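A quick write-up on the structure given underneath.
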Amino acid sequence: MTTQHAGAGRSDPQSTSVTSESPFKPPLVKAVFRDVTPMHVSRSAAWAAASVTRTVLTEIVQGARAAAAEEDRRKLIPGDLLSAIDRNVELEVGTTWYDHSPTFRGLTGVVYDAEGVVVPSRGRGGSRRPSAVVGAHRFEAGVRKLLRSRGTAAVPAMVRDLDGIASVFLTDLARDAAMVVREGGVKRFGSVVQAMPDEPAPAPFPKDFLGALSARSADGRTIGRDDILAATTMRLFGGLRQRALTEAREAAQNPSG
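Each step along the sequence shown adds one to the number in full-length UniProt numbering, with nothing skipped, and position 195 is 195.
This is the structure:
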């Protein structure tokens, strides 16, 4: 979908406070990981993944709140979600959900087969849907809790979209983390930092950070905290990635927070 400016829609300083309780609990995180991989998920990894998901959803909600405030509305609607993503490309995550949501229909483009016939939406095609979409309802309680913590509410269609995006994002994060374990680190992915063409390049990661992610010393059957951090570097970019990494480290070290 079309995005305009990656720097717009920044949240307030308290939007992703690491002291707030995560609405996405480790048991939910581990359930999502079980859908993706038979690998064991450590306690610190579960807290880190929950934190990253919270950071992403909080930023999306904050962007939607800003859009709603411009129309003097407190309750969020799907149009606010579109506005938030359009203003800040960093928020365009969980894109597999777009094929299943009426909110994004018409924005993801029409797909044609080799004969020029329109390919039906996967949400209506009767084929087996990804587990992240099937299990999206598991995130509703957490989404509503997050909305309340931000002093807002959303119409059911908006809650469903946040639900789906959270589920797809965490599923993608789980797949990336499992891949990091299988590959033995992030060496094959290099240290490329994504940025918008019209913006200055962000500061590179510290050498000690990249070195910690470039090779694994843990066994090949357990997803650890650093594997979640490595997956986050691949899944997110810009300021959102930096916030997610910072808060994930704190959450893993202080899981009661």
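Even for Gly, the Cβ is constructed at its ideal location relative to N, Cα and C.
As the structure is a computational prediction, the values presented were derived from the model and not from experiment.
ASP72 versus ARG65 - alpha carbon distance:
For this step, residue 72 is matched to residue 72 along the sequence shown. For this step, residue 65 is matched to residue 65 along the sequence shown. Their backbone Cα atoms lie some 10 Å apart in a straight line.
To the nearest angstrom, report how far apart residue 258 and ASP226 are at their CA atoms.
Look at the range of the chain in this structure, 1 to 257, and you will see that residue 258 is not part of it.
Go ahead and pull the three-state DSSP assignment for SER191.
Taking the sequence shown and counting its residues from 1, the one referred to as residue 191 is at position 191. Residue placement at SER191 cannot be trusted, given a pLDDT of 43 that sits under 50; the coordinates are not used to answer.
Alpha helix (DSSP H) segment containing PRO27, residue limits
The sequence position of residue 27 within the sequence shown is 27, counting from 1. 26-36 is the span of the alpha helix (DSSP H), which, as asked, contains PRO27.
Just how far apart, CA to CA, sit ALA31 and GLY238?
Looking up residue 31 in the sequence shown gives position 31. Looking up residue 238 in the sequence shown gives position 238. Roughly 29 Å between the two C-alpha positions.
Here's the rule I'm using: 16 or more other beta-carbon atoms within 10 Å means buried, otherwise exposed. How should PRO78 be labelled?
By one-based count along the sequence shown, residue 78 stands at place 78. Classification for PRO78: buried.
The region 229-247 contacting the region 53-70, beta-carbon criterion three pairs below 8 Å
yes
Going by DSSP in three states, ARG243 sits in which element: helix, strand or coil?
In the sequence shown, the residue the question calls residue 243 occupies position 243. In this structure, ARG243 counts as helix in the three-state DSSP scheme.
So what does ILE77 bridge to, in DSSP terms?
One-based indexing of the sequence shown puts residue 77 at position 77. Per DSSP, none; premise fails for ILE77.
Local conformation of residue 272 per DSSP, three classes:
Summary: the structure shown does not reach residue 272, with the chain confined to residues 1 through 257, and so no result is reported for it.
Which one of ALA67, ARG74, ALA251 has the shortest CA to CA distance from ASN88?
Position 88 of the sequence shown, counted from the first residue, corresponds to residue 88. For ASN88, the nearest C-alpha among the options comes from ALA67.
Continuous alpha helix (DSSP H) stretch holding GLY164: start and end:
Translated into the one-based positions of the sequence shown, residue 164 becomes position 164. Here the alpha helix (DSSP H) through GLY164 covers 156-183.
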